[in-house]
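**Student:** Sending over a structure as structure tokens; questions will come in a sec.
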Amino acid sequence: MEGIERLELEVLEMNNFSISNMFNNIKNKPELQEKFNNKEKTIKGMYEYVYEKARALQQGNVAMVNDQVVYLWATNYFKYTNEELGITKKGLKPETNKKESKKEDKKEEKKAEKKEDNPQISMFGEVQK
Numbered sequence: 004m005e006g007i008e009r010l011e012l013e014v015l016e017m018n019n020f021s022i023s024n025m026f027n028n029i030k031n032k033p034e035l036q037e038k039f040n041n042k043e044k045t046i047k048g049m050y051e052y053v054y055e056k057a058r059a060l061q062q063g064n065v066a067m068v069n070d071q072v073v074y075l076w077a078t079n080y081f082k083y084t085n086e087e088l089g090i091t092k093k094g095l096k097p098e099t100n101k102k103e104s105k106k107e108d109k110k111e112e113k114k115a116e117k118k119e120d121n122p123q124i125s126m127f128g129e130v131q132k
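The sequence shown begins at 4 in the working numbering and counts up by one.
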């Protein structure tokens with residue numbers, strides 16, 4: 004079993020609608036057909052890559068990502084080598100996560116500054132807590 008057949012079987016075994024939808028969206032892209040033959044790439048690996056990318060955008064316990072961005076991440080997973088993407092056997096390289104967490108920290112600091120500067124009460128204030 005090669006390439007796309009191997010990946011389709013893995014999608015079926017995982018039995019997850021989101022993963023199936025993600026793969027079905029990218030599986031017919033001409034630029035990826037040869038990339039699917041790379042045995043280093045798996046559906047589980049694609050899911051973990053997309054999950055980690057989305058988790059970096061998480062605020063509180065929620066991460067909302069546009070479908071097109073998710074499909075782009077899934078495409079990039081197959082398009083580039085694990086080394087180019089910064090993927091180790093245990094996930095994204097720690098230095099990548101550090102950069103993303105620094106960005107998140109800066110965003111949170113800016114939000115905190117804005118809250119202090121704005122005396123207006125938000126009707127969603129309780130939801131954020």
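Glycine residues also receive a C-beta, built at the ideal position from the N, C-alpha and C atoms. The model shown is predicted, which means the values in this text are computed figures rather than measured ones.
When the Cα of residue 38 is compared with those of 92, 11, 83 and 88, which residue comes out closest?
**Tutor:** Of the candidates 92, 11, 83 and 88, the one whose C-alpha sits nearest the C-alpha of residue 38 is 83.
**Student:** Within 10 angstroms of the Cβ of residue 20, are there 16 or more other Cβ atoms? Answer buried if so, exposed if not.
**Tutor:** Sixteen is the threshold: since fewer than 16 other Cβ atoms of the shown chains lie within 10 Å of the Cβ of residue 20, the residue is exposed.
**Student:** Which class does residue 73 belong to by DSSP, given the choice of helix, strand or coil?
**Tutor:** helix
**Student:** Report yes if the CB atom of residue 29 is closer than 9 Å to the CB atom of residue 78, and no otherwise.
**Tutor:** yes
**Student:** Measuring straight from C-alpha to C-alpha, what distance separates residue 92 and residue 18?
**Tutor:** 23 Å
**Student:** Residue 36 to residue 62, Cα distance in whole Å?
**Tutor:** 35 Å
**Student:** Can you tell me whether DSSP reads residue 68 as helix, strand or coil?
**Tutor:** Annotated three-state conformation of residue 68 is coil, per DSSP.
**Student:** Quickly, what does DSSP pair residue 62 with across the bridge? List them, please.
**Tutor:** Its beta-bridge partners are 65.
**Student:** If contact is defined by three or more beta carbon pairs under 8 Å, each pair taking one atom from either stretch, is the stretch 7 to 14 in contact with the stretch 38 to 47?
**Tutor:** yes
**Student:** Starting from residue 39, trace the alpha helix (DSSP H) in both directions and tell me its first and last residue.
**Tutor:** Where residue 39 is concerned, there is no enclosing alpha helix (DSSP H), given that its DSSP letter is neither H nor E.
**Student:** Under a Cβ-count criterion, where at least 16 other Cβ atoms within 10 Å of its own Cβ denotes burial, should residue 54 be classed as buried or exposed?
**Tutor:** exposed
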